[in-house]
Amino acid sequence: MAKIQAIRGMNDILPDQTPVWQYVESTVRKVLAQYGYQEIRMPIVEQTELFKRSIGEVTDIVEKEMYTFDDRNGDSLTLRPEGTAGCVRAAEEHGLLFNQTRRLWYTGPMFRHERPQKGRYRQFHQIGVECFGMAGPDIDAELLVLTARLWAAFGLEDHASLEINSIGTSESRKVYRDALVSYLEQFRDQLDEDSKRRLTTNPLRILDSKDPQTRKLLEGAPSLSEYPDDESQRHFEQLKALLDAAGVTYTVNPALVRGLDYYGKTVFEWVTQSLGAQGTICAGGRYDGLVEQLGGKSTVAVGFAMGLERLILLLETLGLVPDEVNNAADIYVTAMGDPVIASAMAVADRLRNELPGRVVVTHCGGGSFKSQMKKADRSGARYAVILGENELANGTAGLKPLRDDQPQQDVPQADLARVLAELV
Ligand code: ATP
Ligand code: MG
274 MAKIQAIRGM
284 NDILPDQTPV
294 WQYVESTVRK
304 VLAQYGYQEI
314 RMPIVEQTEL
324 FKRSIGEVTD
334 IVEKEMYTFD
344 DRNGDSLTLR
354 PEGTAGCVRA
364 AEEHGLLFNQ
374 TRRLWYTGPM
384 FRHERPQKGR
394 YRQFHQIGVE
404 CFGMAGPDID
414 AELLVLTARL
424 WAAFGLEDHA
434 SLEINSIGTS
444 ESRKVYRDAL
454 VSYLEQFRDQ
464 LDEDSKRRLT
474 TNPLRILDSK
484 DPQTRKLLEG
494 APSLSEYPDD
504 ESQRHFEQLK
514 ALLDAAGVTY
524 TVNPALVRGL
534 DYYGKTVFEW
544 VTQSLGAQGT
554 ICAGGRYDGL
564 VEQLGGKSTV
574 AVGFAMGLER
584 LILLLETLGL
594 VPDEVNNAAD
604 IYVTAMGDPV
614 IASAMAVADR
624 LRNELPGRVV
634 VTHCGGGSFK
644 SQMKKADRSG
654 ARYAVILGEN
664 ELANGTAGLK
674 PLRDDQPQQD
684 VPQADLARVL
694 AELV
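Following our numbering, the numbering of the sequence shown begins with 274 at its first residue and continues without gaps.
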């Protein structure tokens, strides 16, 4: 019978890989905690309507990329393609937003039916951050300062650059939208099919087109930055001043729009040159209208999401994963012969009590001295504790260095933890 394999674009994360994932997740967790952000956990599945209403009907995600299905009740459900919609839904549903400010974060898998390639998968993972109830550019700046601190924590400060833009209020975008449509109407025949359709449904989405011919036409199009409104302009100027003061460097990219409908005013992306086409490792912006659009009381908001696969790929490509991020054991306790097993387990457990930060692996499964030592070596441990019937009788243990040529020494079992504390 043919073996069943994983679904294309959905990756297993194997034991060799999990240490780097844990390293990335715990580093991000620590930084977010430093800034007072609180974790929220939402379901992976939501009503399809939630994503249609928030991300927008005429976006790549909703038109082409969602995993949507009817459950047994006939309700249309969707595997979340991103976290903002669910986070807003949850926060609103549980009264977290009314008359208060919130700094929230979440992590987990997201699902998009895209063409799998390096840095682009059908199940991928994000850490997302959403802030509610703060209208000023101060919180936008905080998010960017926080991400800059994160890159520094990973040693990435020279490998991620920040692009920012202001896409105005929804009123100013309406005026711009008309100008864009009249410009593009002249070239209707040369537009790709999606863009042609979007000319009537959602023209701003055309700015996001990846089609080369459409991109060429867009070069001559009016720019969103020529249609600023006072309010967004002021917000953007203040944001830039705050970033300057904090020493966060950025470039203003007037062509930067985001692939989701809910953004307004500030949008930003952190981009790296080291990952080819999938260079955006973190992206976000302000979405002051979304909470209300989803039926809540008007609440301003700003957030971002970073793609963990891309971040990890980047760290690995640049050789920035610290050496100590691995699965290696520190100490491997062998048991030579059945009568020794119980005391080997007891010795190992005592080591765990006394050296709580170390990884102590007990040999299980029997075998010859040679095969146990081979396993000890493969575990990555720096020391093997050798227990046989002689040691059992004498109350000692053999302590054998595995990573250098030092001789084995005999240590009283009572002293083992103290001796090992100095060595590993
Ligand atoms: P892209 O332009 O690369 O398609 P996007 O604008 O669709 O990205 P967002 O929806 O803003 O991406 O998601 C935020 C981040 O999540 C991205 O910057 C990226 O790091 C990551 N990401 C998005 N889609 C994928 C995917 N299919 N596979 C892996 N990571 C992804
Ligand atoms: Mg995308």
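Virtual Cβ for every residue (Gly too), placed ideally from N, Cα, C.
Short Cβ contact (9 Å threshold) for residue i with residue j
{"i": "Leu369", "j": "Phe405", "result": "yes"}
{"i": "Thr357", "j": "Leu584", "result": "no"}
{"i": "His398", "j": "Pro382", "result": "yes"}
{"i": "Val540", "j": "Ile440", "result": "yes"}
{"i": "Val634", "j": "Ala670", "result": "no"}
{"i": "Ala687", "j": "Ile604", "result": "no"}
{"i": "Val361", "j": "Ser327", "result": "yes"}
{"i": "Leu435", "j": "Val521", "result": "yes"}
{"i": "Ile317", "j": "Phe384", "result": "yes"}
{"i": "Ala617", "j": "His636", "result": "yes"}
{"i": "Ser505", "j": "Lys538", "result": "yes"}
{"i": "Gln320", "j": "Asp343", "result": "no"}
{"i": "Glu510", "j": "Leu529", "result": "no"}
{"i": "Arg262", "j": "Tyr308", "result": "Look at the range of the chain in this structure, 274 to 697, and you will see that residue 262 is not part of it."}
{"i": "Leu416", "j": "Phe577", "result": "yes"}
{"i": "Pro527", "j": "Ser496", "result": "yes"}
{"i": "Ile554", "j": "Leu587", "result": "yes"}
{"i": "Val569", "j": "Arg531", "result": "The amino acid at residue 569 is misidentified as Val; the sequence shows Gly. No, they are not a contact pair."}
{"i": "Met262", "j": "Gly359", "result": "Since the first and last residues shown for the chain are 274 and 697, residue 262 lies out of range."}
{"i": "Leu581", "j": "Ala574", "result": "no"}
{"i": "Leu567", "j": "Leu323", "result": "yes"}
Coil, strand or helix - residue i by DSSP
{"i": "Tyr536", "result": "coil"}
{"i": "Asn438", "result": "strand"}
{"i": "Arg559", "result": "strand"}
{"i": "Gln681", "result": "coil"}
{"i": "Lys648", "result": "helix"}
{"i": "Glu330", "result": "coil"}
{"i": "Leu628", "result": "coil"}
{"i": "Gly576", "result": "strand"}
{"i": "Glu430", "result": "coil"}
{"i": "Ile554", "result": "strand"}
{"i": "Val658", "result": "strand"}
{"i": "Ile604", "result": "strand"}
{"i": "Met283", "result": "strand"}
{"i": "Gln311", "result": "strand"}
{"i": "Arg388", "result": "coil"}
{"i": "Phe541", "result": "strand"}
{"i": "Val697", "result": "coil"}
{"i": "Val633", "result": "strand"}
Limits of the unbroken beta strand (DSSP E) element including residue i
{"i": "Thr402", "result": "At residue 402 the sequence reads Val, which differs from the Thr that was named. Its beta strand (DSSP E) spans residues Gln396 to Phe405."}
{"i": "Arg583", "result": "That residue, Arg583, is in no beta strand (DSSP E); its alpha helix (DSSP H) goes Leu581 to Thr590."}
{"i": "Val318", "result": "Val318 to Gln320"}
{"i": "Met609", "result": "Looking at the DSSP string, Met609 is not in any beta strand (DSSP E), and its letter there is neither H nor E."}
{"i": "Ala670", "result": "Thr669 to Pro674"}
{"i": "Pro382", "result": "Arg375 to Phe384"}
{"i": "Ser641", "result": "Neither: Ser641 is in no beta strand (DSSP E) and is coded neither H nor E."}
{"i": "Asp343", "result": "Tyr340 to Asp343"}
Continuous alpha helix (DSSP H) stretch holding residue i: start and end
{"i": "Thr420", "result": "Pro410 to Ala426"}
{"i": "Ala306", "result": "Thr291 to Gln307"}
{"i": "Ser349", "result": "Not the alpha helix (DSSP H): Ser349 falls in the beta strand (DSSP E), residues Ser349 to Leu352."}
{"i": "Ala528", "result": "Ala528 -> no alpha helix (DSSP H), and no H or E assigned at all."}
{"i": "Val448", "result": "Ser443 to Glu458"}
{"i": "Pro485", "result": "Pro485 to Leu491"}
{"i": "Ser468", "result": "Glu466 to Thr474"}
Contacts around residue i, its chain only, beta-carbon distance under 7 Å, and the 5 residues preceding and following it disregarded
{"i": "Val525", "result": "Ile437 and Asn438"}
{"i": "Leu591", "result": "His432 and Ser547"}
{"i": "Gln551", "result": "Lys391, Gly392, Arg393 and Arg583"}
{"i": "Ala690", "result": "Arg623, Leu624, Glu627 and Leu628"}
{"i": "Ala414", "result": "Leu512, Leu515, Leu516 and Ala519"}
{"i": "Ser641", "result": "none"}
{"i": "Leu675", "result": "Ala649, Asp650, Ala654, Arg655, Tyr656 and Ala657"}
{"i": "Lys673", "result": "Tyr656, Ala657, Ile659 and Gln681"}
{"i": "Ala608", "result": "Ile614, Ala617, His636 and Leu660"}
{"i": "Arg478", "result": "Val331, Thr332 and Arg471"}
{"i": "Ala694", "result": "Leu628"}
Cut-off 8 Å between Cβ atoms - residues of its own chain near residue i, not counting five sequence neighbours on either side
{"i": "Trp378", "result": "Leu305, Tyr310, Gln311, Glu312, Ile313, Ile400, Gly401, Val402 and Glu403"}
{"i": "Pro725", "result": "A question about residue 725 goes unanswered here, because the residues of the chain that appear run from 274 up to 697."}
{"i": "Gln486", "result": "Gln463, Leu464 and Asp465"}
{"i": "Gly549", "result": "Lys391 and Gly392"}
Close Cβ partners of residue i (< 6 Å) along its chain, the five nearest in sequence each way excluded
{"i": "Tyr500", "result": "Ser445, Val448 and Tyr449"}
{"i": "Asn475", "result": "Val331"}
{"i": "Met339", "result": "Thr351 and Pro354"}
{"i": "Gly329", "result": "Asp534"}
{"i": "Asp484", "result": "Asp465"}
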